[in-house]
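Asks: Dropping a structure here in structure tokens format, bear with me for questions.
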Amino acid sequence: MGNGFMAFGDGTAAPGGIVTIGEILVEIMATEPGHGFREPIGLVGPFPSGAPAIFIDQVGKLGFPCGMVSCVGADDFALVNLERLAADGVDVSAIETDPDQTTGSAFVRYRPGGERDFVYNIRNSAVGRTRLTEAAHELLRRSSHLHVMGSSLASGRIIEEIKTAIDIIKGQGGTVSFDPNIRKEILDAPGMREALGYMLAHCDIYLPSGDELTLLTESKSEGGAIAEIFGLGVSAIVIKHGAQGASYHDAREHRRQPAFTVTEIDPTGAGDCFGATFITCRLQGRSVSECLRYAAASGALAVTRKGPMEGTATFAELDALIVSQRRGILPDRPAPPAQGAGILAELAPARAEGRPFGITSVCSAHPLVIEAALLQAREDGTTALIEATCNQVNHRGGYTGMTPADFRDFVHAVAEDVGFPRARIILGGDHLGPSPWKSLLAEDAMAEAAAMVEAYVQAGFLKLHLDTSMGCAGEPVALADQQTAERAARLAAVAEQAALMAGTRPYYVIGTEVPTPGGALEAVPETQVTAPEAPLATYGIHKHIFMSEGLKSVLDRVVALVVQPGVEHGNETVTRYDPEAATALTASLGQLPGLVFEAHATDYQTPAALAALVRDGFAILKVGPALTFALREALYALDEIAAILVPELDPEVEPLPAVMERLMLLNPDHWRSHYHGDTANLSILRHYSYSDRIRYYWPEAEAVMAVDRLFQRLDGVVIPPPLISQFLPRFHERVEAGTLTATARTLSVEAVRDVLRGYAAACRPR
Ligand code: ATP
Ligand code: MG
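Adding 90 to a residue's 1-based position in the sequence shown gives its number in my numbering.
Following this line, the structure appears as structure tokens:
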């Protein structure tokens, strides 16, 4: 025994693939850490799983012939696995489907300390019926290596089948590897120790992790255990030490393989991927050091993905990690198919093909606005793009007090309420750069910006607008293009590293030809259409610097440039889009293949102007104040309606405008520098300005309570059409026609949706 190992790497191995026998199951994970499953909690899954299944999927990803013997039920949990394995190149012909059985499952929850709680249904699942069918014999005939996991030795019956398979493989001159992969608790299950001992004595390569080395040996020292195991005929031992790397031992040499530096998201499956890659590389005849390097890369990539089988990797991905860590940067890892965000990459090609379409970017944190946006996207069958701005949401909380993860959870909660699928939501981060910290020295402000960008990416934001043009303490107000691009590259590198860990591929928007975040300060802003040279220069310098910084892959995902098409709104004026004035700018897009323009402050444009913008290449239309403006109109009107229909008996209760006025006077920070004039004028602007600075006050507790109270007063009240005609005439026809329910909440959301409908019409493909 053991001499089979010589077949590894010397090119004389019988041609044939790798086979494994064992459990297939799905894993369902708790979304929050905690203890056990004794109360309702959030879960995510089913993920394909089972140690031997992960192992063989990794072999398949490497393009090596492989197959699996197992048994599953005739259910979706089986299909989740079978489809994945087949797609990754695993021969599934010997996985039997038993219609009387159920596919195994495991519920997993991480405790705060990192240990895990499980609820398993494996032993009594279909896998218990695993047998060497005719198809299994056929697969074994085509295989030259069998891999066995200790976790698969769950019943006397499967142990017998595995022993038979070992005999078949060995009889063909093949080899066997064994990963004990066992928890101490089940070591004392009946027959377990014997089965493990049998496997140890019949394998050529032994792949224990850490303390498993001495679990089955008399000797409790590492050296003693290794000698003892060699004495059993095992020819090579690879010991896995998690983030500490691995070590290799055979009769000739002992080697250490350090681990690659990655951020661990989910450790499950690292050992399985490591083992699969090591065995595959050995069978390909690679040197021990090369096998170890690839295996360590495989284990490292496995932990960067949530879900047990989600971290398997191709040789290209392993090479990318190895090369990049040599250079000290992290590679660009292809992510799973874009969930809705891929639409951002389609804007430019669609325009090039003469069927331009656009996307509405909703910039608001008001729950009713988010609700309206999701309902509208559902009605239109489109993806919803929701954006947060650097000073509004950041790693320190921003003025809303929300981190990017909080904002994501908030949007997802609204989505859950209205039944809108998360996969169709793109979260965007706007003006990501040092702006909120520009009073600090550049180095400090950029450190904050980097932490913010990282937090955005970690939270799953897939559209990132990098804006680094503003000067920090001691610098000019606006920086030169070169320095702007260098800072953008720095933030892009941070974003990419975080994206690698999160398993996402964000899209980027660059350019800063727009007012500062938060809107223009002038009462009647002077609007200048961006000169056509500007986007060409901006893109040119970014391209040059991104390329020289090794960020080509980022460049490939830059989908848009922010420019000023000549739209703006002051307090009481709107500068309408003038296609003629933008002709040269529009033409410059011809020299920017793969890109569209993003227009900010498109609020209050007419639907026709919006449609012209999309036609002319301004495919991403940002809107914010116009949405809360419409909402405020509806709320104030409803307040008047309530005063008539449900008079407030408590004299202490103020009308809604009075509450808002008080809040705005109490804290004038959000409007003072934007509004000018005498006392009467200021009061009008506070409530009715197009700039809609009042939007900053709706989240305040008192405002939330006042709106809640208004909704409560009108709860169950169907507003009679004549009152709609008086106070909300825009909705009168719809209410009369019976297409709109005249309740307070519905009307508030409908007011926002009316604005969004103009955008939807403009964005629709032609
Ligand atoms: P499991 O049974 O949970 O899949 P294991 O205990 O069999 O895991 P580990 O030692 O955890 O195996 O991982 C195998 C290899 O993967 C390690 O030797 C190491 O090279 C790599 N690896 C694991 N965790 C990390 C990590 N956090 N960072 C980098 N590499 C890691
Ligand atoms: Mg393991």
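Note that the Cβ used here is the ideal one computed from N, Cα and C, for glycine as well. It should be emphasised that the depicted structure is a prediction, and the values quoted were computed from it without experimental measurement.
Check whether the Cβ of Thr358 lies closer than 7 Å to any heavy atom of the ligand ATP, and answer yes or no.
Replies: For the ligand ATP, at least one heavy atom lies less than 7 Å from the Cβ of Thr358.
Asks: Please identify the residue among Gly593, Ser525, Leu531, Ala225 whose C-alpha is closest to the C-alpha of Phe551.
Replies: It is Gly593 whose Cα lies nearest to the Cα of Phe551.
Asks: By how many angstroms is the C-alpha of Thr223 removed from the C-alpha of Thr472?
Replies: Spanning the two alpha carbons is a distance of roughly 48 Å.
Asks: Excluding the 5 residues preceding and the 5 following Tyr210 in the sequence, name in chain order all residues of the same chain whose CB lies nearer than 6 Å to its CB.
Replies: Around Tyr210: Ala196.
Asks: Quick one: using the 10 Å Cβ neighbour count with 16 as the cut-off for buried, is Thr529 buried or exposed?
Replies: The question names Thr, yet the displayed sequence has Ser at residue 529. Label assigned to Ser529: exposed.
Asks: Taking buried to mean at least 16 other C-beta atoms within 10 Å of its own C-beta, is Pro130 buried or exposed?
Replies: Exposed: under 16 other Cβ atoms inside 10 Å.
Asks: When burial is assigned at 16 or more other CB atoms within 10 Å of the CB, is Val413 buried or exposed?
Replies: With fewer than 16 other Cβ atoms within 10 Å, it is exposed.
Asks: What are the residues that DSSP puts in a beta bridge with Asn211?
Replies: According to DSSP, which records beta bridges pairwise, Asn211 is partnered with Ser195.
Asks: Helix or strand or just coil, what does DSSP make of Arg345?
Replies: Of the three classes helix, strand and coil, the one that applies to Arg345 here is strand, per DSSP.
Asks: For Thr696, which residues in the same chain have their Cβ closer than 8 Å to its Cβ, ignoring the five residues on either side in sequence?
Replies: Arg666, Gly848, listed in sequence order.
Asks: Quick check on Met80: does DSSP put it in helix, strand or coil?
Replies: What is shown of the chain runs 91 to 856, which leaves residue 80 out entirely.
Asks: When the Cβ atoms of the segment 390-402 are set against those of the segment 361-368, are three or more pairs found closer than 8 Å?
Replies: Contact between the segment 390-402 and the segment 361-368 is present, because at least three Cβ pairs lie under 8 Å.
Asks: Quick one: any contact between the segment 720-740 and the segment 795-810, if contact means 3 or more CB pairs under 8 Å?
Replies: As far as the Cβ criterion goes, the segment 720-740 touches the segment 795-810, which means the pair count is three or higher.
Asks: Since Val504 contacts Glu469 with CB under 8 Å, what's their CB separation in whole angstroms?
Replies: Wrong, their Cβ atoms sit about 16 Å apart, outside the cutoff.
Asks: For Val859, which residues from the same chain have a beta carbon less than 8 Å from its beta carbon, with the 5 sequence-adjacent residues on both sides left out?
Replies: Residue 859 lies beyond the range of the chain shown here (91 to 856); nothing can be said about it.
Asks: Can you find the residues in the same chain that come closer than 7 Å, C-beta to C-beta, to Val170, ignoring five residues on each side of it along the sequence?
Replies: So the qualifying residues of the chain are Val116, Pro136, Pro138.
Asks: Have a look at Leu531 and Gln482 and give me their C-alpha separation to the nearest angstrom.
Replies: Approximately 21 Å between the Cα atoms of the pair.
Asks: In angstroms with no decimal places, state the Cα-to-Cα distance between Leu700 and Tyr780.
Replies: Leu700 and Tyr780: Cα-Cα distance of roughly 17 Å.
Asks: Out of Phe167, His227, Glu122, which one is the CA nearest neighbour of Val198?
Replies: With distances taken between Cα atoms, Val198 lies closest to Glu122.
Asks: Could you give the uninterrupted runs of the alpha helix (DSSP H) lying entirely in the segment 763-802, keeping only those of 4 residues or more?
Replies: Complete alpha helix (DSSP H) runs here, min 4: 769-778.
Asks: Run the CB neighbour count on Arg345, radius 10 Å, all protein chains shown included, and call it buried at 16 or more, exposed below.
Replies: Exposed is the call here.
Asks: Comparing alpha-carbon positions, which option in Gln587, Phe145, Ala366, Ala568 lies nearest Gln415?
Replies: Of the candidates Gln587, Phe145, Ala366, Ala568, the one whose C-alpha sits nearest the C-alpha of Gln415 is Gln587.
Asks: Does the distance from the CB of Phe821 to the CB of Leu830 come in under 8 Å?
Replies: Yes. Within cutoff.
Asks: Indicate, with yes or no, if the ligand ATP has a heavy atom lying under 7 Å from the CB of Glu46.
Replies: Missing from the structure shown is residue 46; the chain here goes from 91 to 856 and no further.
Asks: I'd like to know if the segment 172-186 and the segment 145-160 are in contact, where contact means that at least 3 CB-CB pairs between them fall below 8 Å.
Replies: With the cut-off at 8 Å, the segment 172-186 and the segment 145-160 touch.
Asks: Mind pulling the alpha helix (DSSP H) runs of 4 or more residues that sit fully within the segment 255-330?
Replies: List check, alpha helix (DSSP H) in window: 282-292, 312-321.
Asks: Bridge partners for Ile515 per DSSP, in chain order?
Replies: Ala474.
Asks: How should Glu840 be labelled, buried or exposed, when 16 other C-beta atoms within 10 angstroms of its C-beta is the threshold for buried?
Replies: With 16 or more other Cβ atoms within 10 Å, it is buried.
Asks: For chain B, is any of its Cβ atoms less than 8 Å away from the one on Gln572?
Replies: Going by chain labels, chain B is absent from the structure shown, which holds only one protein chain.
Asks: Where DSSP assigns a beta bridge to Pro138, which residues make up the other side?
Replies: Paired residues: Val116.
Asks: Alpha carbons only, please: which of Arg273, Ala621, Gly112 is nearest the one belonging to Ala226?
Replies: When only C-alpha atoms are compared, the closest one is Gly112.
Asks: Please confirm if the segment 246-258 is in contact with the segment 346-353, defined as three or more CB-CB distances below 8 Å between the two stretches.
Replies: They do not touch, by the three-pair rule.
Asks: Could you pull the DSSP bridge partners for Arg206 from this structure?
Replies: According to DSSP, which records beta bridges pairwise, Arg206 is partnered with Tyr200.
Asks: At a cut-off of 7 Å, would you count His339 as near the ligand ATP, judging by its Cβ distance to the nearest heavy atom?
Replies: No, Cβ of His339 sits at least 7 Å from all heavy atoms of the ligand ATP.
Asks: My understanding is that Gly194 touches Ser215, with C-beta atoms under 8 Å, so please give their C-beta distance in whole angstroms.
Replies: So it is a contact: roughly 3 Å between Cβ atoms.
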